Every structure is written in structure tokens, then in C-alpha cells.
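If you're matching positions, the sequence shown starts at 1 in this note's numbering and goes up one per residue. For each residue, glycine too, the CB sits at the ideal point set by N, CA and C. Given the structure is predicted, the values throughout are model-derived calculations rather than measurements.
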Amino acid sequence: FKSEETIFFALCKLKGTKESELVLKIEIPVYKLQRRKNLRFHPSEKQNCTISFPSENKAYAEYKPNDLSASGFSLLLEEAEAHKFQKGTSFTGVKINFAQISTNCTCSVAGVFKKSAPKETDGEFFKVGFEFHKLAPAMEHEIARAAYAYTQRIYSRKL
1 FKSEETIFFA
11 LCKLKGTKES
21 ELVLKIEIPV
31 YKLQRRKNLR
41 FHPSEKQNCT
51 ISFPSENKAY
61 AEYKPNDLSA
71 SGFSLLLEEA
81 EAHKFQKGTS
91 FTGVKINFAQ
101 ISTNCTCSVA
111 GVFKKSAPKE
121 TDGEFFKVGF
131 EFHKLAPAME
141 HEIARAAYAY
151 TQRIYSRKL
């Protein structure tokens, strides 16, 4: 069910009907689905996803995204790396490789959030969220298709 812009998922029991409306009892727990324009997922090693930013010396700094969607991606970075990405900063000539497709795009930093360190590491980490601009339609379609397949595997189960 949906309330304003938030989508929720819960098991319900039908209690009856009232004219043309259903009367439901919502069971606990209630899950809030993703609040984004597009579904996001964590790319697998098999999908070979990399994001590369151009630098001053014409070399590219390559990263593996933490998550990916048709509208953007995030990177999980140590503090020393995260300071390079300030909210609102725009980057052109960014290379994205995903599922044997490669294209350039423009993206901007949507937010920078402090995160707990991954289990095997120490120090402070930051999740840096990016929004795509001018992403090639073929790449957008391939990412959306992969996100849908990933989400379907998680939320689907046999009855």
C-alpha cells in the first residue's frame, strides 16, 4: 500500500468489505520499500561494474559502486577519498562499465553520509551518493533490468 510518496509492504487479513472498499487488518511487521525513483541493487562481481572519474593527469580513478540504480549509484569510501566528493559537485566524462556495456555520462554528488566501517576494516567511512545526468538510454535500460531481476529474486518466493 502507499501513503503519500512512501510505499509499504505488509501481510494483511481480509476482515470484510464496506460498500466497494476492502477492510483489512495489517499484520506486524510493516516494511517500507525503497524511497527512490528507481530500484537499486548491489552489483555482483559477474556484472563487472566500475565507475571511473577523470582526473587532472588524464588518468581515471576507478571505483566499484556500493549500489547502483538507473538514476544513480553510491560509493563507500574512506575519509581520505570521500573529501574529494562534495555535495552538489558535478563530474563530466565519467565512465561507467556494466554488463559488457560501457558509456560516458555526467553525474553529481547528491549526498555524503557517514557510515560504520565494513567488518574487516577500521576508520571512518562515508557513503557518497551520485545522481546520473545524461546517461545513455541503453545503459539506463540495462541497469533498470538488472535492478528489477535482483529485487524480484529477493521479494519472490514460492507459496
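- For Glu-124, there is no enclosing alpha helix (DSSP H), as DSSP marks it with neither H nor E.
- Shown here, Lys-46 sits in a helix according to DSSP, grouped into three states.
- For the options Glu-19, Phe-53 and Glu-62, the alpha carbon positioned closest to that of Ser-90 is the one of Phe-53.
- Contact between the region 36-55 and the region 84-100 is established, with three or more Cβ pairs separated by less than 8 angstroms.
- At least 8 angstroms separates the beta-carbon of Phe-130 from that of Val-112.
- Comparing C-alpha distances from Phe-8 to each of Lys-32, Phe-132, Glu-21 and Pro-65 shows the shortest one belongs to Lys-32.
- The three-state reading of DSSP puts Glu-27 in coil, since its state is none of H, G, I, E or B.
- Excluding its 5 nearest sequence neighbours in each direction, Glu-45 has no C-beta neighbour in its own chain below 6 angstroms.
- Of the residues assessed, Ser-20 falls on the exposed side of the cut-off, its CB having fewer than 16 other CB atoms within 10 angstroms.
- In this model, Leu-24 and Asn-38 are separated by some 29 angstroms (Cα to Cα).
- In the same chain as Lys-87, and ignoring 5 residues on each side of it, the C-beta atoms closer than 8 angstroms to its own belong to Val-109, Ala-110, Gly-111 and Val-112, in chain order.
- If you look at Glu-62, you'll find it in the beta strand (DSSP E) that goes 60-63.
- Secondary structure of His-141 (DSSP, three-state): helix.
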